[in-house]
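Peer 1: Numbering (my numbering), first residue to last: 372 to 847.
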């Protein structure tokens, strides 16, 4: 139960001591994150940290459904050392927990939560739930590609899981009982031990085996775990020579921890041949996309599976290029590594966006500092969003009148003021000004050519030289 004495709050549950750790929250300086560790005392004398909760506190403290709200002024608990030392002492402390049924599960949940708190304090915060025990971690390739670098950095900064105070269980090999040797941690700094599975793992290979490729060998030290305690020489064999897959992974792990190291540069250095293959693969995808964009064709088909007879325009065109060019064929589609084929929908969209930006830049360069007119129309698309299309009309250096598409803008409503703001934002993004506008062309809607509050009127108030001409395409 909770009792109040004067200006203090005393936490006096009989079997629980509560420790509060305040940290500044990243969102605002006025909010404080309170991390609560609940310590359950067992008759055996062991301590299990049951849970870690993060609660925002801006003055009023709510202790939960079991207790009435109260203002947190003081907590009767042992004072923890600074975070830098507390995090170093916590894992060995948890390893002293008696081997009760399910105790390691509780310990691992607490360690996961503690590392989230530790990451927040050190500025390395990840919203991804990262299991602490190496035997419970998913493969790196199971994470989303956009999250893998974040996961690698978090695990690398956390360091290898080495429970040196743990009482390692014995295994029977013939007439002898053997177990994990605590001294191996000193000899192999990459070595990790899973309390959950009683197996050993390699942190470096876990983080970077997927990038090294087939030469990284099997999964003994990555996902399955090594547990043949009678053959410790296999630990040395795993390290290998100077250019072994483990050494490569170790160097990549060291590069990742360098303060000024970028995410891209810690990956192993590709050979010249690998760069050539990558460039060939990328150019093939770009050429296919440019052709489809120029012809105004759809990219995807209704069935892009491997056994489909027609996988859509993009994949079929890429396969056509590969069939007629041996250099492209040997590095694309099935001949490319699974995570580097450069054909995913996300990559296609990135290339399309890049092409759109380059096309707009070419239009602006061709326009130069000349005067221009604008053609605008808006309509509701199939998703019921109002879209405004903007095109430029000007005279090029060869004295030819040209019309160039500039962009499509989503507008919240079709009022004249909203359309004007959208036009100004689009112009600003391309370095254009309404002062250079010499003509306007719209349909006959009142919000476009209204005499008092139409778009043409709002623009002419700022630039009287921007004459309005009714769009011929909208005349019957």
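Positions of the beta carbon are idealized from the N, C-alpha and C atoms, including for glycine.
Please classify residue 736 as buried or exposed, where buried requires at least 16 other C-beta atoms within 10 Å of its C-beta.
Peer 2: Exposed, because fewer than 16 other Cβ atoms sit within 10 Å of the Cβ of residue 736.
Peer 1: Decide if the region 501-519 is in contact with the region 568-578; the criterion is three or more beta carbon pairs, one per stretch, under 8 Å apart.
Peer 2: Contact holds: three or more Cβ-Cβ distances are below 8 Å.
Peer 1: Where do the N-terminal and C-terminal ends of the beta strand (DSSP E) with residue 570 fall, by residue?
Peer 2: Residue 570 -> beta strand (DSSP E) spans 570-573.
Peer 1: Using 10 angstroms around the beta-carbon of residue 533, count the other beta-carbons present and answer buried if the total reaches 16, otherwise exposed.
Peer 2: Its Cβ being crowded by 16 or more others within 10 Å, residue 533 is buried.
Peer 1: Sort out for me which residues DSSP pairs residue 748 with in a bridge.
Peer 2: DSSP, once it has assigned bridges, lists 760 as partnering residue 748.
Peer 1: When the Cβ atoms of the region 686-697 are set against those of the region 724-743, are three or more pairs found closer than 8 Å?
Peer 2: Result no; under three Cβ-Cβ pairs closer than 8 Å.
Peer 1: Is it a yes or a no for the region 708-718 touching the region 742-761, going by three-plus beta-carbon pairs under 8 Å?
Peer 2: Touching, no.
Peer 1: I want to know whether the region 532-549 touches the region 512-524 - three or more CB-CB distances under 8 Å.
Peer 2: Segments in contact, no.
Peer 1: My understanding is that residue 792 touches residue 811, with C-beta atoms under 8 Å, so please give their C-beta distance in whole angstroms.
Peer 2: Actually they are not in contact, since the Cβ atoms of residue 792 and residue 811 sit about 16 Å apart, beyond 8 Å.
Peer 1: How is residue 542 classed by DSSP in three states: helix, strand or coil?
Peer 2: Strand, per DSSP.
Peer 1: Tell me, please, whether the region 720-729 touches the region 655-664 by the rule of three or more beta-carbon pairs shorter than 8 Å.
Peer 2: Result yes; three or more Cβ-Cβ pairs closer than 8 Å.
Peer 1: Any idea what DSSP makes of residue 392, helix, strand or coil?
Peer 2: Note that residue 392 scores 32 on pLDDT, short of 50, meaning its location in the model is unreliable and no value can be drawn from it.
Peer 1: Between 556, 780, 762, which lies nearest to residue 607 when the distance is taken from Cα to Cα?
Peer 2: The option with the nearest alpha carbon to residue 607 is 556.
Peer 1: What are the boundary residues of the beta strand (DSSP E) that residue 701 is part of?
Peer 2: Segment: none, residue 701 is in no beta strand (DSSP E) and carries neither H nor E.
Peer 1: Would you kindly work out how many angstroms separate the C-alpha atoms of residue 686 and residue 590, rounded to a whole number?
Peer 2: Looking at the two C-alpha atoms, the distance is approximately 33 Å.
Peer 1: Is residue 517 a contact residue of the ligand HEM, with contact defined as CB to any heavy atom under 7 Å?
Peer 2: For the ligand HEM, the structure offers nothing, since it holds no ligand at all.
Peer 1: When you compare only the Cα positions, how much space is there between residue 712 and residue 676?
Peer 2: Rounded to the nearest angstrom, the two C-alpha atoms are 15 Å apart.
Peer 1: Going by DSSP, what residues sit across from residue 779 in a beta bridge?
Peer 2: 760.
Peer 1: Assuming residue 720 is part of the alpha helix (DSSP H), what are its boundary residues?
Peer 2: Note, residue 720: alpha helix (DSSP H), 716-738.
Peer 1: Thinking C-beta only, is residue 774 closer than 8 Å to residue 759?
Peer 2: Result no, Cβ atoms of residue 759 and residue 774 do not sit closer than 8 Å.
Peer 1: Taking only runs of the alpha helix (DSSP H) that begin and end inside the region 591-617, which ones reach a length of at least 4 residues, in chain order?
Peer 2: Fully enclosed alpha helix (DSSP H) runs of 4 or longer: 604-610.
Peer 1: Would you give the residue range spanned by the beta strand (DSSP E) that residue 547 belongs to?
Peer 2: Counting along the chain, the beta strand (DSSP E) containing residue 547 begins and ends at 547-549.
Peer 1: Leaving out five residues before and five after residue 838 in sequence, what residues of the same chain have Cβ atoms less than 6 Å from its Cβ?
Peer 2: These residues qualify, in order along the chain: 810.
Peer 1: Rounded to whole angstroms, what is the Cα-Cα separation between residue 771 and residue 669?
Peer 2: Approximately 31 Å, taken between the alpha carbons.
Peer 1: Using only alpha-carbon positions, find the residue among 688, 722, 561 that is nearest to residue 622.
Peer 2: Closest by alpha carbon: 561.
Peer 1: Would you tell me roughly how many angstroms separate the C-alpha atoms of residue 655 and residue 706, rounded to the nearest one?
Peer 2: Residue 655 and residue 706: Cα-Cα distance of roughly 14 Å.
Peer 1: Identify the continuous beta strand (DSSP E) that holds residue 838 and give its terminal residues.
Peer 2: First-last of the beta strand (DSSP E) with residue 838: 838-841.
Peer 1: Distance, Cα to Cα, residue 818 vs residue 827?
Peer 2: About 9 Å.
Peer 1: From residue 801 to residue 835, what distance separates their C-alpha atoms?
Peer 2: Cα-Cα distance, rounded: 22 Å.
Peer 1: In this structure, does DSSP put residue 813 in helix, strand or coil?
Peer 2: Strand, per DSSP.
Peer 1: If you run the structure through DSSP and keep just helix, strand and coil, what is residue 562?
Peer 2: Of the three classes helix, strand and coil, the one that applies to residue 562 here is strand, per DSSP.
Peer 1: In chain order, what residues of the same chain lie with their CB nearer than 7 Å to the CB of residue 566, ignoring the 5 residues before and after it?
Peer 2: Result list for residue 566: 475, 504, 534, 537, in chain order.
Peer 1: Buried or exposed: which applies to residue 628, given that a residue is buried once 16 or more other Cβ atoms fall within 10 Å of its Cβ?
Peer 2: Exposed is the call here.
Peer 1: Straight-line CA distance for residue 558 to residue 626?
Peer 2: Answer to the nearest angstrom: the Cα atoms are 21 Å apart.
Peer 1: From what residue to what residue does the alpha helix (DSSP H) around residue 677 run?
Peer 2: Counting along the chain, residue 677 falls outside any alpha helix (DSSP H), and DSSP gives it neither H nor E.
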